[in-house]
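First comes the structure, then the notes that go with it.
In the working numbering, the protein residues as written are 29 to 416.
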């Protein structure tokens, strides 16, 4: 049986954070990140709106980029003290991801992190609290997805946790928050959104429900990312919606090995997630095209790229991604990013093995072995054409 899951309500448009006034409950905890939401006044707004709705409000601040297992466990303990009936996560993908995982351990304090690494193994939630997600970046789309990514810094591995139950109850996609993003973050999150749309369209679990969302998101990213990077507010708003559409698509269609590779190298090579996706995506398209060139060509046709044959259209899509990277200041290889060759070589077998085992690999349109993954990483490091 197929399934398509989204939040119960999605509010979008400038100023829609005011919807917090309409929540009903007694206690709310706000989870947020490194301070930008406080700096730009959005945290105070959220607190004020919740107090207008007669909530007692507590805060969990300081969630780091790529949140750790320890941050999650510590936050869940604070929730056990506060006993909230609403969890409100506001900020970038890391804050929302951390809050999702905290939610699991708040409801199940005796659960073990090892037990929920397996996809779709999280126990039933909403026994204690419901969840609101308010994103400030335009990339992860975690506000509408059944995923969260948590990093185990002991092993330097990012674990994508997946379960429909961690899909938020309410998503508030207020583009005013995205207007505060610095240019580099706009670039990285925008390419993350583009990767989500492309991988969702070719993923093995894609359906007639996810395809239109994926294609629309890709087109909107193509049309708005560069202007958004330059600070255009209208383009920022369009990108905020585009990444949300991509999230709706990949949450149900799943992803592929671009994300597997990014998950398993981000912490080891210190590459931001969206930047890693942008580097790997052209190489993954080269690898996958043997089994799904028509799907990639469909994307090129939607974007009206040049090419008479499917192969030519696939190459046009690859070149578009590389052009975006160049215009956004993103390297097109790991070596160009600054990864040292001896560090790369010493970790190659480990990252290849971990990437093959990543939860996103199972929905990639073409199967991949550890040896093939090693070769793909080598191409991505040196910037060479993929012949696998």
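Virtual Cβ for every residue (Gly too), placed ideally from N, Cα, C.
Inter-residue Cα distance where the pair is residue i and residue j
i, j, result
"residue 206", "residue 363", "31 Å"
"residue 284", "residue 227", "6 Å"
"residue 258", "residue 36", "34 Å"
"residue 249", "residue 175", "21 Å"
"residue 312", "residue 192", "27 Å"
"residue 351", "residue 344", "10 Å"
"residue 102", "residue 90", "12 Å"
"residue 199", "residue 39", "6 Å"
"residue 472", "residue 224", "Since the first residue of the chain shown is 29 and the last is 416, residue 472 is not available in this structure."
"residue 32", "residue 108", "32 Å"
"residue 371", "residue 104", "36 Å"
"residue 160", "residue 87", "14 Å"
"residue 356", "residue 53", "44 Å"
"residue 222", "residue 245", "7 Å"
"residue 204", "residue 76", "17 Å"
"residue 339", "residue 359", "24 Å"
"residue 289", "residue 383", "5 Å"
"residue 208", "residue 59", "19 Å"
"residue 265", "residue 120", "16 Å"
"residue 385", "residue 397", "10 Å"
"residue 163", "residue 110", "23 Å"
"residue 62", "residue 71", "12 Å"
Where residue i sits in the DSSP three-state scheme
i, result
"residue 59", "strand"
"residue 193", "helix"
"residue 140", "coil"
"residue 210", "coil"
"residue 202", "coil"
"residue 355", "helix"
"residue 188", "strand"
"residue 246", "helix"
"residue 158", "strand"
"residue 177", "strand"
"residue 37", "strand"
"residue 163", "strand"
"residue 216", "helix"
"residue 401", "helix"
"residue 52", "coil"
"residue 342", "helix"
"residue 45", "helix"
"residue 347", "helix"
"residue 383", "helix"
"residue 29", "coil"
"residue 183", "coil"
"residue 394", "coil"
"residue 232", "coil"
"residue 225", "helix"
"residue 375", "helix"
"residue 415", "coil"
"residue 170", "helix"
"residue 64", "helix"
"residue 406", "helix"
"residue 252", "helix"
"residue 363", "helix"
Pick from the options that is closest to residue i, judged by C-alpha positions
i, options, result
"residue 295", "209, 72, 91, 379", "379"
"residue 95", "346, 320, 368, 291", "291"
"residue 328", "274, 381, 243", "243"
"residue 165", "359, 31, 48, 272", "272"
"residue 196", "147, 225, 126, 70", "126"
"residue 304", "269, 261, 183, 408", "408"
"residue 74", "202, 212, 382", "202"
"residue 342", "314, 360, 354", "314"
"residue 80", "45, 68, 391, 353", "45"
"residue 184", "397, 30, 299", "299"
"residue 158", "149, 114, 255, 122", "114"
"residue 148", "167, 194, 135", "194"
"residue 10", "69, 68, 235", "As shown, the chain starts at 29 and ends at 416. That puts residue 10 outside it, with no answer to give."
"residue 146", "139, 133, 188", "188"
"residue 141", "178, 122, 120, 173", "178"
"residue 232", "375, 323, 182, 120", "323"
"residue 51", "60, 82, 59, 29", "82"
"residue 413", "239, 316, 365", "316"
"residue 211", "152, 48, 254", "254"
Contact belief for residue i with residue j at Cβ below 8 Å, rounded distance in angstroms
i, j, result
"residue 349", "residue 309", "6 Å"
"residue 171", "residue 124", "6 Å"
"residue 301", "residue 180", "The Cβ separation is near 15 Å, so there is no contact."
"residue 55", "residue 112", "5 Å"
"residue 400", "residue 377", "Not confirmed; about 13 Å, so no contact."
"residue 144", "residue 132", "6 Å"
"residue 173", "residue 275", "5 Å"
"residue 21", "residue 297", "A question about residue 21 goes unanswered here, because the residues of the chain that appear run from 29 up to 416."
"residue 282", "residue 391", "4 Å"
Could you give the uninterrupted runs of the beta strand (DSSP E) lying entirely in the stretch 259-340, keeping only those of 3 residues or more?
none
Would you mind listing the beta strand (DSSP E) stretches within the stretch 69-154 that are 3+ residues and don't spill past its ends, in chain order?
Here the runs fully enclosed are 84-88, 114-119.
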